[in-house]
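One structure is given here, and the rest of the page talks about it.
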Amino acid sequence: GEAEYEKTINVTPGEWKKLSSGDEVWRIHFDGVMAGASVEVNGEKVSDRPYGYSPFTVLLDGKLVEGENKIRVTINVQKNSSRWYPGFGIYRPVRLVKSPADHVIPGSVVISTVNVTEKSATVKAVWEMSKSGKKEKNFVVENPKLWSPETPILYAVRVEAVDQNGTPLDDAVVETGFRVIEQKDGR
16 GEAEYEKTIN VTPGEWKKLS SGDEVWRIHF DGVMAGASVE VNGEKVSDRP
66 YGYSPFTVLL DGKLVEGENK IRVTINVQKN SSRWYPGFGI YRPVRLVKSP
116 ADHVIPGSVV ISTVNVTEKS ATVKAVWEMS KSGKKEKNFV VENPKLWSPE
166 TPILYAVRVE AVDQNGTPLD DAVVETGFRV IEQKDGR
């Protein structure tokens, strides 16, 4: 089947100043579109996404103008193109994300547990900034509650990037759990 979605977004003069100077970056994040999505901004195709199960992001750099901007998403699902999801269309949230020029790259945050005991968990967070590169932070969680299927406890880890003056630029939040997996006698 085929479907079309349209949305008009307005870029104010103040927003346009930030966008045109490169101080700000806008993107549209799709959590789920099934499938064969084509995205246009003001009549220009900016993205094709043949798949339907993965989130994706479309950068709007250089595509927007001051005033009204028309976003069009066309879905074209081929017959028998899926084993699990028989429907089509935009089936999860869509967000317009406005970020500073140097921002946390979506999906770049990796949380690793260096060491876990009943008393503490040593954690390492690594993420990528769009302009200033890789960042890393180590921290300790006191008395962590361990994740298990019976008690699926998750912690929200917030990473933040700041400029040379300590002013926050951007942040991202990722959920993670702590657990211990041991190998004994080769098993």
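Residue numbers (our numbering): 16 to 202. Quick reminder that beta carbons are idealized off the backbone N, C-alpha and C, glycines included.
From the listed residues D178, N130 and S62, the smallest Cα separation to G148 is found for D178.
Proximity to A116 across K32, G201, K22 and E165 peaks at K32, based on C-alpha coordinates.
Between G192 and Y170, the CB-CB gap stays under 8 Å. DSSP, read as helix, strand or coil, puts W41 in strand. Beyond the five residues adjoining it in sequence on each side, E83 comes within less than 7 Å, by CB distance, of T23 and N25 in the same chain, given in chain order.
For a cut-off of 8 Å, the C-beta gap from M49 to F103 is around 5 Å, short enough to register as a contact.
Rounded to the nearest whole angstrom, the CA to CA distance from P65 to S53 is 8 Å. Taking C-beta atoms as the reference points, T72 and H44 count as a pair closer than 8 Å. Within the model, the alpha-carbon separation for N57 versus I86 is close to 6 Å. When DSSP reads this structure, E55 sits in a beta bridge with K60 and R87.
Partner residues in the beta bridge of I24, as assigned by DSSP, are N84. The DSSP assignment places complete beta strand (DSSP E) segments of no fewer than 3 residues inside the region 157–182 at 170–177, in order along the chain.
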